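Undergrad:
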Amino acid sequence: MANPQSPIRNPQSTTLPSSDEKAAVVRAMFDRIAPRYDTLNRLFSLRLDQYWRRLTVRTVAISAQDIVVDLACGTGDLSELAVQAGAQVVGVDFAANMLAGARRRGIGAAFVQADAGCLPLPTGWATVVISGFAVRNFVSILAVLTEAARVLKPGGRLALLEVDTPSNWLLRWGHSLYFNRLVPLLGALLSDAWAYTYLPRSVLYLPTSVELQQMLEAAGFQDVVKRRLSGGIAQLVTAVKKGETAKREKGETEKKENGL
Ligand SMILES: C[S@@+](CC[C@H](N)C(=O)[O-])C[C@H]1O[C@@H](n2cnc3c(N)ncnc32)[C@H](O)[C@@H]1O
2 MANPQSPIRN
12 PQSTTLPSSD
22 EKAAVVRAMF
32 DRIAPRYDTL
42 NRLFSLRLDQ
52 YWRRLTVRTV
62 AISAQDIVVD
72 LACGTGDLSE
82 LAVQAGAQVV
92 GVDFAANMLA
102 GARRRGIGAA
112 FVQADAGCLP
122 LPTGWATVVI
132 SGFAVRNFVS
142 ILAVLTEAAR
152 VLKPGGRLAL
162 LEVDTPSNWL
172 LRWGHSLYFN
182 RLVPLLGALL
192 SDAWAYTYLP
202 RSVLYLPTSV
212 ELQQMLEAAG
222 FQDVVKRRLS
232 GGIAQLVTAV
242 KKGETAKREK
252 GETEKKENGL
């Protein structure tokens, strides 16, 4: 039966929302699935999701010296790990029910309802921006990256954790069977049919590595590195905001490498 709160006329339709309707559709969808979001994430990823989040926090070396913005924070999984690493954390998301889940954790992070493309945060304020499994949900990835660059100090670190498609054909076949067939089936039984059909299909919104690198550079980042995780079923893309500090740090690294 059609969910009366779904802005999609036919929830069985596998058509991805157009740019015009995407933000409203995505927000409404996350508001619907928020109560079971964490449980299904752990189940469908066999808890790899938390391993990848811990890796994200470690890779950008979050510490007590950091001010971290968790973009599209959802129920606060990444925010919690950043708080545990000692950082001051602000999580931002536009779905009220996801944020309610984050606030219920009582982890000592601030959670703010806002669009990732228009952050209510000062320019040059944060030292790290992290984002988990959100890139494919943004209407304009470039606008969000530009906003991330704005709130970061020069030399600030960015980490984008996302799903990916394995390059090995056998792994790709098995993963596709699991991700595109089993996940929607189980998602329909346990939560929301449309959402768990959309989530695997939304991979189609992801830019290629080259396109993402170009967007990151256009937004004001450098030193873009992509790591393929767990056989390529997930990816972690890191970058550094261009600027004086980044240049100085790069110079110091080069000096060390040259033995100066
Ligand atoms: C797949 S969930 C990921 C949540 C969390 N980062 C995690 O690691 O589990 C994607 C989140 O992105 C949020 N989102 C999508 N587009 C957004 C936007 N433009 N502004 C703010 N939040 C957005 C959704 O509300 C949802 O909570």
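Numbering-wise (our numbering), the sequence shown opens with residue 2 and increments by one.
Positions of the beta carbon are idealized from the N, C-alpha and C atoms, including for glycine.
Here the structure is a predicted model, which is why all the values come from computation and not from measurement.
Touch check for the segment 121 to 131 and the segment 189 to 204: three-plus C-beta pairs under 8 angstroms?
TA: They do not touch, by the three-pair rule.
Undergrad: Measuring only the C-alpha atoms, how far is ALA86 from GLN51?
TA: Near 15 angstroms, if we compare the C-alpha coordinates of GLN51 and ALA86.
Undergrad: Straight-line CA distance for ALA97 to ASP32?
TA: Their Cα atoms are separated by approximately 7 angstroms.
Undergrad: Among HIS176, ALA189, GLU22 and CYS119, which one has its Cα closest to the Cα of ILE34?
TA: Selected option, being the one with the closest Cα: ALA189.
Undergrad: When you compare only the Cα positions, how much space is there between ALA115 and VAL90?
TA: So the two alpha carbons sit approximately 15 angstroms from each other.
Undergrad: Helix, strand or coil: how does DSSP classify ASP39 here?
TA: ASP39 falls in the helix class under three-state DSSP.
Undergrad: Look up GLN223 in the DSSP assignment and give the residues it is bridged to.
TA: Answer is VAL241, bridged to GLN223.
Undergrad: Which residue's Cα is closest to the Cα of PRO155: ARG28, GLY233 and GLY221?
TA: The candidate whose alpha carbon is nearest that of PRO155 is GLY221.
Undergrad: Can you tell me the Cα-Cα spacing of LEU122 and VAL152, whole angstroms?
TA: About 7 angstroms.
Undergrad: Tell me whether VAL99, by its Cβ, gets closer than 7 angstroms to a heavy atom of ligand 1.
TA: This sequence places Met at residue 99; Val is not what is there. Result yes, Cβ under 7 angstroms from ligand 1.
Undergrad: Going by beta carbon distance, what residues of the same chain come within less than 7 angstroms of ASP224, once the five residues before and after it are set aside?
TA: Excluding residues within five positions, the ones whose Cβ falls inside 7 angstroms are ALA240 and VAL241.
Undergrad: Going by DSSP, name the residue or residues bridged to ARG228.
TA: According to DSSP, ARG228 bridges with LEU237.
Undergrad: Would you say ALA73 touches ligand 3, meaning its beta carbon is less than 7 angstroms from a heavy atom?
TA: In the structure shown, ligand 3 is absent; the only ligands present are ligand 1.
Undergrad: With which residues is ILE68 paired in a DSSP beta bridge?
TA: Bridge partners of ILE68: GLN89.
Undergrad: Is ALA135 near ligand 1, in the sense that its beta carbon is under 7 angstroms from a heavy atom of that ligand?
TA: Result yes, Cβ under 7 angstroms from ligand 1.
Undergrad: Hey, out of GLY118, ALA88 and GLU81, whose CA is closest to GLY102's CA?
TA: Looking at the Cα atoms, GLU81 is the closest of the given residues.
Undergrad: Within 10 angstroms of its Cβ, does ASP21 collect 16 or more other Cβ (buried), or is it exposed?
TA: When all chains shown are included, ASP21 counts as exposed.
Undergrad: What residues are listed by DSSP as bridge partners for SER192?
TA: None, per the DSSP bridge assignment.
Undergrad: Determine the direct distance from the alpha carbon of ARG104 to that of VAL113, and round the result to whole angstroms.
TA: C-alpha separation (whole angstroms): 10 angstroms.
Undergrad: Let's see if you can read the secondary structure: which residues bound the beta strand (DSSP E) around LEU153?
TA: Where LEU153 is concerned, the enclosing beta strand (DSSP E) stretches over 153 to 164.
Undergrad: Would DSSP call VAL113 helix, strand or coil?
TA: Reduced to three states, the DSSP call for VAL113 is strand.
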